[in-house]
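Student:
In this note's numbering, the protein residues as written are 448 to 567.
1) If you run the structure through DSSP and keep just helix, strand and coil, what is residue 473?
2) Would you list the one or two residues that DSSP bridges to residue 489?
3) Could you work out which residue in 470, 496, 557 and 503 is closest to residue 529 when comparing CA atoms only?
4) With distance defined between alpha-carbon atoms, name the residue in 564, 509, 547 and 541 nearest to residue 462.
5) To which residues of the same chain is residue 508 closer than 8 Å at the C-beta, ignoring the five residues directly before and after it?
6) Spatial neighbours of residue 469 within its chain, please: C-beta separation below 8 Å, excluding the five flanking residues on both sides.
7) Beta strand (DSSP E) containing residue 550: first to last residue?
8) Rounded to a whole number of angstroms, what is the C-alpha to C-alpha distance between residue 502 and residue 554?
9) Grouping DSSP H, G and I as helix and E and B as strand, with all else coil, what is residue 515?
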């Protein structure tokens, strides 16, 4: 049986969502990203396998108050160039709020690095 938490976290990452699913005592909860600002970030379920990945995305949507975004790879390709780093010349796949520049085009490589916490 596959690790459902890893499956959910992979799907969250593919959709450009900063939060991650983690196991707590008698519950699962979303952490990182904006989860600390939510009214509640926990889901009372004994095992992560009790919910499908699609149902976990629904839980994220309910707790965050946001609709579940499309996968980054499924979004239409743009002709824009990544602007996250000055020297990155990869084609952008989406836009993301930059801490200093506002919303800018970002490539998949830079988005993965930002979401992994390696950089901000």
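The beta-carbon is built from N, C-alpha and C at its ideal position, and this holds for glycine as well.
Tutor: Result, derived from the coordinates:
1) coil
2) DSSP lists 476 as partners of residue 489.
3) Among 470, 496, 557 and 503, the Cα nearest to that of residue 529 belongs to 557.
4) 541
5) 514 and 515
6) 452, 475, 476, 477 and 478
7) That run of the beta strand (DSSP E) goes 549-553.
8) Taking the straight line from one Cα to the other gives about 28 Å.
9) coil
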